[in-house]
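Heads up, the sequence shown is in my numbering, so the first residue is 68 and it goes up one at a time.
Backbone N, C-alpha and C fix where the C-beta goes; we use that ideal spot for every residue, glycine too.
All values derive from a computational prediction rather than experimental measurement.
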Amino acid sequence: MVRAERSGSSMKPKTIERPKTILIVDDDQAHRTMLKALITSWGYVVSLAADGEAAVSEVRKTSYDLVLMDIRMIKMSGLEALEAIKRDHPTLPVIIMTAYASVDTAVSALKSGAYDYLTKPLDFEKLRITIDRAMEHARLRVENQQLRDRLNERFDKRAIVGNSPALKKLLDTVSLVAPSEATVLINGESGTGKEMIATAIHSNSYRRNGPFIKINGAAITETLLESELFGHEKGAFTGADRRKDGKFVQASGGSLFLDEVSEMSLMMQVKLLRVLQEREVVRVGGEQVIPIDVRLIAATNRSLEQLVQTGAFREDLYYRLNVVSLTLPPLRERQEDIPILAQHFLNRFAEQNRKPIKGFTQQAMDRLLRYSWPGNIRELMNAVERAVVLAQSEIIDEADLAIFPLTPVADGSKDLRPSVLPESKRLVEMEKEAIVKTLAETGGNKSQAARLLGITRKTLQNKLKAFGLIEKG
């Protein structure tokens, strides 16, 4: 039942909870009548059953919040009735009463699913406490299930593409972690989608209406990183012509995503640790202490454990960050997702480039599946975008794909000459042709061509030299 409660000019619904119901089962009429009077006085609605069979039948007909049942009864014992009730209603709390307390009796009752057992003559205060606790336990269990159900409904898995068991397991964990306030450390190779997982955590948290601020610890110098994170006062350093709030203050009430946390210097690690411990920041060049309310989500493509062992990362900060640890599998370990991701990117880039491209030939898809994807999802996305831009038909063929792994050499570096594979000659020619076609499409713009090919400009330059397309020098 819902009643409208007036608040100002608006009507706010107010839910009125129904009274909790208890079924008392006892073949001693005087005892069950006395218990009904006592427990009713505590605000519960009470029904009665004279034996185990009647109790099982009653629970099947009516929804109860708790059963209080004697263990020794003539027609059906309390243990037999308990087992029957639990088969139909596994979450219904049942408290057993017995005048013949023993270890065996207690163990049997608890093994059969009883919430607790009490000995006769009953201690009424203990009885009340036990009933209240059982009711609270049941309430929390229902709320947790409702929360899980709401998360499953709200959690937008469409933004994270894939059906592999590894990805499903990760998303199940994310759906549980998201509504908490725990600091999360996301581990994974570059290009696996750590930022997308961080976004999913924030979007499915209770902070989702607050800001989601991102910063990459590897992309900013140490001096600037301190200012970016904590803010600075006017005149704190050359160029600081005004006061500026840092990312922690900007993220107040929301979440801060700190990517590549492993690249921070030891001095910055000390300062970050202090902020996480004290939940406050001080601007660079300032003295004012500013409280913060921020959930931190950190990410790294390196093993922080190994960095701790070598002294490159503080152990105390590692434990502060590693409250909940998530590991993103590389694309080579979730091959089932490659066709789904490839089609997803194809649809996106075909629409962006206004090209009527519908899919891949079987040879092209086989090529995608055979490749190891050292650059993970980011590399796949670049390869598909380039193929869409250069494709001249409605179906992407193998020749449209520029997927050529570099050959490892003795010193562990990468040889930028075309890879030597069983199909080497054909692949080398395909790679050469793809580069030439891409340069033609971009009017000779090497930077744009390199982006479409999913490689750096320097790598493109080296490949052009290796193919003899430009002079070596």
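Exercise. Can you tell which of Thr240, His204, His156 has the C-alpha that lies nearest to the C-alpha of Ala249?
Worked result: Here the question's residue 249 lines up with position 182 in the sequence shown. When each option's Cα is compared against that of Ala249, the closest is Thr240.
Exercise. In three-state terms, what does DSSP make of Tyr111?
Worked result: Indexing the sequence shown from 1 puts residue 111 at position 44. Judged by DSSP in its simplified three-state form, Tyr111 adopts coil rather than helix or strand.
Exercise. Which runs of the alpha helix (DSSP H) spanning at least 4 residues fall entirely within the stretch 254–318, listed in chain order?
Worked result: Fully enclosed alpha helix (DSSP H) runs of 4 or longer: 261–270, 289–297, 314–317.
Exercise. Any idea if Leu159 is buried or exposed, counting beta-carbon neighbours within 10 angstroms, 16 or more meaning buried?
Worked result: Locating residue 159 in the sequence shown gives position 92, counting from the first residue. Buried.
Exercise. Which of the three DSSP states, helix, strand or coil, is assigned to Phe534?
Worked result: By one-based count along the sequence shown, residue 534 stands at place 467. Residue state, collapsed to three classes: coil.
Exercise. So, using beta-carbon positions, are Asp326 and Lys425 closer together than 8 Å?
Worked result: Taking the first residue of the sequence shown as 1, we reach residue 326 at position 259. Taking the first residue of the sequence shown as 1, we reach residue 425 at position 358. Going by C-beta atoms, Asp326 is not nearer than 8 Å to Lys425.
Problem set entry | Proximity to Ala458 [Cα-Cα], best of Asp433, Ala417, Gln429, Trp440 | Mapped onto the sequence shown, residue 458 falls at position 391. For the residues Asp433, Ala417, Gln429, Trp440, the minimum Cα distance to Ala458 belongs to Ala417.
Exercise. Going by beta carbon distance, what residues of the same chain come within less than 7 Å of Glu456, once the five residues before and after it are set aside?
Worked result: By one-based count along the sequence shown, residue 456 stands at place 389. First, the residue type needs correcting, since residue 456 is Val and not Glu in the sequence shown. So the list reads Asn420, Glu508, Leu519, once near-sequence residues are dropped.
For this session: Taking Ala301 and Asp308 to be in contact with their CB atoms under 8 Å, please state how far apart those CB atoms are, rounded to whole angstroms.
Result: Reading the sequence shown from its first residue, position 234 is the one you call residue 301. Reading the sequence shown from its first residue, position 241 is the one you call residue 308. According to the sequence as given, residue 301 is Lys; it is not Ala. Correct: roughly 7 Å between the Cβ atoms.
Exercise. In three-state terms, what does DSSP make of Glu327?
Worked result: Start at 1 with the first residue of the sequence shown, and residue 327 comes out as number 260. Reduced to three states, the DSSP call for Glu327 is coil.
For this session: Kindly indicate the opening and closing residues of the alpha helix (DSSP H) around Val451.
Result: On the sequence shown, position 384 is the one that residue 451 refers to. From DSSP, the alpha helix (DSSP H) with Val451 extends over 443–457.
For this session: Would you kindly work out how many angstroms separate the C-alpha atoms of Leu393 and Thr290, rounded to a whole number?
Result: By one-based count along the sequence shown, residue 393 stands at place 326. By one-based count along the sequence shown, residue 290 stands at place 223. If you take the alpha carbons of Leu393 and Thr290, they lie about 30 Å apart.
For this session: Report the option in Pro157, Ala469, Val356, Ala501 whose CA atom is closest to the CA atom of Leu435.
Result: Counting from one through the sequence shown, the residue named residue 435 turns up at place 368. Of Pro157, Ala469, Val356, Ala501, the residue nearest in Cα terms is Ala469.
Problem set entry | Rounded separation between Ala166 and Arg208 - CA only | Taking the sequence shown and counting its residues from 1, the one referred to as residue 166 is at position 99. Taking the sequence shown and counting its residues from 1, the one referred to as residue 208 is at position 141. Going from the Cα of Ala166 to the Cα of Arg208 covers about 30 Å.
Problem set entry | Contact set for Phe304: own chain, Cβ-Cβ below 8 Å, skip 5 residues either direction | Walking along the sequence shown from the start, residue 304 turns up at place 237. Contacts found: Thr290, Ser294, Val351, Gly352.
Exercise. Can you name, in chain order, every residue of its own chain whose Cβ lies under 7 Å from the Cβ of Leu319, other than the five neighbours on each side?
Worked result: Taking the first residue of the sequence shown as position 1, residue 319 is located at position 252. Checking the sequence shown, residue 319 turns out to be Ser, not Leu. Cβ within range, chain order: Ile359, Asp360, Val361.
Exercise. Is the beta carbon of Ile198 sitting closer than 8 Å to the one on Tyr131?
Worked result: One-based indexing of the sequence shown puts residue 198 at position 131. One-based indexing of the sequence shown puts residue 131 at position 64. No. Outside cutoff.
For this session: Assuming Ile163 and Ala181 form a contact by the criterion Cβ under 8 Å, report the distance between their Cβ atoms to the nearest whole angstrom.
Result: Locating residue 163 in the sequence shown gives position 96, where the first residue counts as 1. Locating residue 181 in the sequence shown gives position 114, where the first residue counts as 1. About 5 Å separates the two Cβ atoms, so the contact holds.
Problem set entry | DSSP-derived helix/strand/coil call for Val92 | Here residue 92 is taken as the residue at index 25 of the sequence shown, counted from 1. Looking at Val92 - three-state DSSP - the assignment turns out to be strand.
Problem set entry | Where the alpha helix (DSSP H) through Ile407 begins and ends | Looking up residue 407 in the sequence shown gives position 340. Residue range 405–419 is occupied by the alpha helix (DSSP H) that includes Ile407.
Exercise. Leaving out five residues before and five after Ser179 in sequence, what residues of the same chain have Cβ atoms less than 7 Å from its Cβ?
Worked result: In the sequence shown, residue 179 corresponds to position 112, counting from 1. By the criterion of a C-beta distance shorter than 7 Å, Ser179 is surrounded in its chain by Leu146, Leu149, Glu150, Lys153, once the five residues flanking it on both sides are discounted.
For this session: Please go through the same chain and pick out, in chain order, the residues whose beta-carbon is closer than 8 Å to the beta-carbon of Leu395, but skip the five residues on each side of it.
Result: For the purposes of this step, residue 395 is identified with residue 328 of the sequence shown, where counting begins at 1. Answer for Leu395: Leu237, Ile253, Asn254, Gly255, Glu256, Thr259, Gly260, Lys261, Ile264, listed in chain order.
Exercise. Does the stretch 399–413 come close enough to the stretch 362–369 that 3 or more CB-CB pairs lie under 8 Å?
Worked result: These segments do not touch.
Exercise. What are the residues that DSSP puts in a beta bridge with Phe427?
Worked result: Translated into positions along the sequence shown, residue 427 becomes position 360. Residue pairing by DSSP places Phe427 opposite Ile463 in a beta bridge.
Exercise. Unbroken beta strand (DSSP E) runs of length 3 or more, entirely within the stretch 365–400: which are they?
Worked result: Counting only runs of 3 or more, we get 391–394.
Problem set entry | Straight-line Cα distance separating Ile407 from Thr474 | Position 407 of the sequence shown, counting from 1, holds the residue named residue 474. Position 340 of the sequence shown, counting from 1, holds the residue named residue 407. The predicted model places Thr474 with a pLDDT of 38, which falls under 50 and marks its position as unreliable; any figure quoted below should be read in that light. Distance between the alpha carbons of Thr474 and Ile407: 28 Å.
Exercise. Among Leu105, Leu333, Gln430, Arg437, which one has its Cα closest to the Cα of Ile463?
Worked result: As a working mapping, residue 463 is identified with position 396 in the sequence shown. Per the Cα distances, Gln430.
Exercise. Using the beta-carbon count (16 or more within 10 Å), is Thr523 buried or exposed?
Worked result: Start at 1 with the first residue of the sequence shown, and residue 523 comes out as number 456. So Thr523 counts as exposed.
For this session: Quick one: using the 10 Å Cβ neighbour count with 16 as the cut-off for buried, is Ala454 buried or exposed?
Result: On the sequence shown, position 387 is the one that residue 454 refers to. In the assembly as shown, Ala454 is a buried residue. Its beta-carbon has 16 or more other beta-carbons within 10 Å.
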